[in-house]
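Per full-length UniProt numbering, numbering through the sequence shown is continuous, rising by one, with the last residue being 286.
Even glycine gets a Cβ: it sits at the ideal position worked out from N, Cα and C.
Scroll down for the structure; my scribbles are underneath it.
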Amino acid sequence: MIEAHQLRRTFGQRQAVADLSLSVRRGEIFGLLGPNGAGKTTTIRLLSGQIIPDSGWARVAGCDVARDRLRLKQRIGVVFEEQNLYERLSARANLRFSCWLYGLPEKRIDEVLTLVDLRDRAREPVGKFSQGLKQRLLIARALLHQPSVLFLDEPGRGLDPISAHTVRQVIRQLSEAGTTILLTTHLMEEADQLCQRVAFIVNGRLVANDTPRHLKLQHGKRLLQVTLEEQQDHSRRLCDITLKLDDVGDQQRLTRWLSEGRVRALHTQEASLEEVFFRVAGVPLS
Ligand SMILES: Nc1ncnc2c1ncn2[C@@H]1O[C@H](COP(=O)(O)OP(=O)(O)OP(=O)(O)O)[C@@H](O)[C@H]1O
Numbered sequence: 001m002i003e004a005h006q007l008r009r010t011f012g013q014r015q016a017v018a019d020l021s022l023s024v025r026r027g028e029i030f031g032l033l034g035p036n037g038a039g040k041t042t043t044i045r046l047l048s049g050q051i052i053p054d055s056g057w058a059r060v061a062g063c064d065v066a067r068d069r070l071r072l073k074q075r076i077g078v079v080f081e082e083q084n085l086y087e088r089l090s091a092r093a094n095l096r097f098s099c100w101l102y103g104l105p106e107k108r109i110d111e112v113l114t115l116v117d118l119r120d121r122a123r124e125p126v127g128k129f130s131q132g133l134k135q136r137l138l139i140a141r142a143l144l145h146q147p148s149v150l151f152l153d154e155p156g157r158g159l160d161p162i163s164a165h166t167v168r169q170v171i172r173q174l175s176e177a178g179t180t181i182l183l184t185t186h187l188m189e190e191a192d193q194l195c196q197r198v199a200f201i202v203n204g205r206l207v208a209n210d211t212p213r214h215l216k217l218q219h220g221k222r223l224l225q226v227t228l229e230e231q232q233d234h235s236r237r238l239c240d241i242t243l244k245l246d247d248v249g250d251q252q253r254l255t256r257w258l259s260e261g262r263v264r265a266l267h268t269q270e271a272s273l274e275e276v277f278f279r280v281a282g283v284p285l286s
């Protein structure tokens with residue numbers, strides 16, 4: 001659904017996006033992760049046809065992003081952080097205005113309000129909305145024309161945990177219904193919980209692209225923490241021992257303890273996505 005090949009975009013001397021290639025399947029939730037100024041927003045602007053690449057190409061929802069921008073606009077939705085809502089108007093009136101502006105049928109309003117679970121609040125002025133409600137309304141607005149690809153720039157930024165959870169639920173439901181989602185984020189937890197695949201971007205370049213699970217396994221410490229029961233005099237006590245998964249001696253010790261029935265718990269020491277980012281990219285995420 002999204003296919004980019006060697007995309008490049010420079011602003012003056014600054015290469016904002018450098019030879020970026022990626023592909024995203026239909027219905028997939030794909031996260032672009034990187035520190036400030038890494039090139040995430042520029043990538044969305046390139047893939048949504050808002051700016052033209054200096055070189056390389058991309059196809060999104062069957063459209064060439066540089067040559068087919070009008071058709072592309074009809075097939076994608078974009079939610080940027082700084083987008084404006086009319087604060088004095090109700091949520092419904094905001095959506096009605098967008099329908100009027102883009103010649104869309106008003107019957108979609110109830111459908112998108114239901115999708116983002118905002119029907120109960122639709123009559124209230126947007127100025128009274130929390131950040132999370134506004135984010136859901138922005139997503140609703142971007143869905144009015146039933147796009148097959150949705151770009152979300154930092155959907156979780158500034159949201160409290162409950163609002164962030166609700167927005168994540170909305171994104172999951174959209175993906176299950178077949179919408180392809182590319183989002184940018186600084187929030188590792190968001191990426192880990194939500195994205196089926198993530199790419200790390202640093203100085204405009206992709207430095208990793210895989211599932212969060214694979215990345216964590218690949219860059220994890222491969223250590224195992226064993227909680228073992230020990231007999232001491234006439235009492236039993238528990239102790240924690242760390243084993244190396246790749247050490248033959250440690251493997252034999254574990255097998256013996258298991259056969260003796262002394263193992264009470266086992267935990268792998270998986271790296272967090274944040275640690276993986278630091279290891280792969282060589283810079284902290286924030
Ligand atoms: N219109 C522009 N003119 C000049 N430089 C730009 C422009 N847009 C982006 N840049 C530069 O390109 C680089 C990448 O910016 P971009 O906004 O894509 O990063 P980002 O990863 O989205 O950052 P953030 O997380 O802070 O939003 C930055 O150095 C930025 O200053």
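Checklist entry - Where does residue 275 fall in DSSP's three states? => result helix
Item to check | Environment of ligand 2 in chain order, Cβ to heavy atom below 6 angstroms | outcome: The model on display carries ligand 1 but not ligand 2.
Checklist entry - Counting only runs that start and end within the segment 231-257, where is the alpha helix (DSSP H) found for 4 or more residues in a row? => result Listed in chain order, the alpha helix (DSSP H) elements of length 4 or more contained wholly in the segment 231-257 amount to none.
Checklist entry - Using the rule of at least 16 other Cβ atoms within 10 Å of the residue's Cβ for burial, across every protein chain shown, is residue 286 buried or exposed? => result exposed
Checklist entry - Would you say residue 289 and residue 89 are within 7 angstroms of each other, going by their C-beta atoms? => result Because the chain spans 1 through 286 in this model, residue 289 falls outside it and cannot be assessed.
Checklist entry - Identify the residues that DSSP records as bridge partners of residue 100: which are they? => result Residue 100 pairs with nothing; no bridge assigned.
Next on the checklist: If you reduce the DSSP assignment to three classes, tell me which class residue 229 lands in.
Outcome noted: strand
Item to check | Neighbour-count burial assignment, residue 180, 16 or more Cβ in a 10 Å radius | outcome: buried
Checklist entry - Quick one: what's got a C-beta closer than 6 angstroms to residue 23's C-beta in the same chain, skipping five residues either side? => result 3
Checklist entry - In the segment 127-160, which residue ranges form an unbroken beta strand (DSSP E) of at least 3 residues, counting only runs that do not cross its ends? => result Correct list: 149-153.
Checklist entry - Taking the alpha helix (DSSP H) that residue 6 falls in, what are its first and last residues? => result Looking at the DSSP string, residue 6 is not in any alpha helix (DSSP H); the run it does join, the beta strand (DSSP E), is 2-11.
Checklist entry - Is it the case that the Cβ atoms of residue 190 and residue 156 are separated by a distance below 7 angstroms? => result A contact, by the Cβ cut-off of 7 angstroms.
Checklist entry - Would you report the Cα separation of residue 122 and residue 104, rounded to the nearest angstrom? => result Within the model, the alpha-carbon separation for residue 122 versus residue 104 is close to 18 angstroms.
Checklist entry - To the nearest angstrom, how far is it from the Cα of residue 38 to the Cα of residue 204? => result 5 angstroms
Checklist entry - By DSSP, does residue 123 sit in helix, in strand, or in coil? => result coil
Checklist entry - What do you reckon, are the CB atoms on residue 153 and residue 80 nearer than 7 angstroms? => result Cβ atoms of residue 153 and residue 80: closer than 7 angstroms.
Checklist entry - Rounded to whole angstroms, how far is the Cβ of residue 264 from the Cβ of residue 238, which I believe are closer than 8 angstroms? => result 6 angstroms
Checklist entry - From 26, 50, 261 and 266, pick the residue whose C-alpha is nearest to that of residue 227; which is it? => result 266
Next on the checklist: Would residue 95 and residue 109 qualify as a contact pair, given that the criterion is a beta-carbon distance under 7 angstroms?
Outcome noted: The Cβ atoms of residue 95 and residue 109 lie closer than 7 angstroms to each other.
Next on the checklist: Suppose contacts are defined by Cβ-Cβ distances below 7 angstroms. Is residue 17 in contact with residue 43 by that definition?
Outcome noted: yes
Item to check | Coarse secondary structure for residue 173, derived from DSSP in three states | outcome: Residue state, collapsed to three classes: helix.
Item to check | Option in 131, 30 and 78 with minimal Cα separation from residue 150 | outcome: 78
Item to check | Residues of its chain near residue 193, where Cβ-Cβ distance is below 7 angstroms and the 5 sequence neighbours each way are ignored | outcome: 168
Checklist entry - Leaving out the 5 sequence neighbours to the left and right, which residues in its chain are closer than 8 angstroms to residue 127 when beta-carbon positions are compared? => result 87 and 88
Checklist entry - First and last residue of the beta strand (DSSP E) that includes residue 112? => result No beta strand (DSSP E) holds residue 112; the alpha helix (DSSP H) holding it covers 107-115.
Checklist entry - Does the segment 232-251 come close enough to the segment 170-184 to have 3 or more Cβ pairs within less than 8 angstroms? => result no
Checklist entry - residue 101: buried (16+ other C-beta within 10 angstroms of its C-beta) or exposed? => result Around the beta carbon of residue 101, fewer than 16 other beta carbons lie within 10 angstroms, which makes this residue exposed.
Checklist entry - Whose C-beta lies closer than 8 angstroms to the C-beta of residue 271 among residues of the same chain, with five residues either side of it excluded? => result 216, 219, 220, 221 and 279
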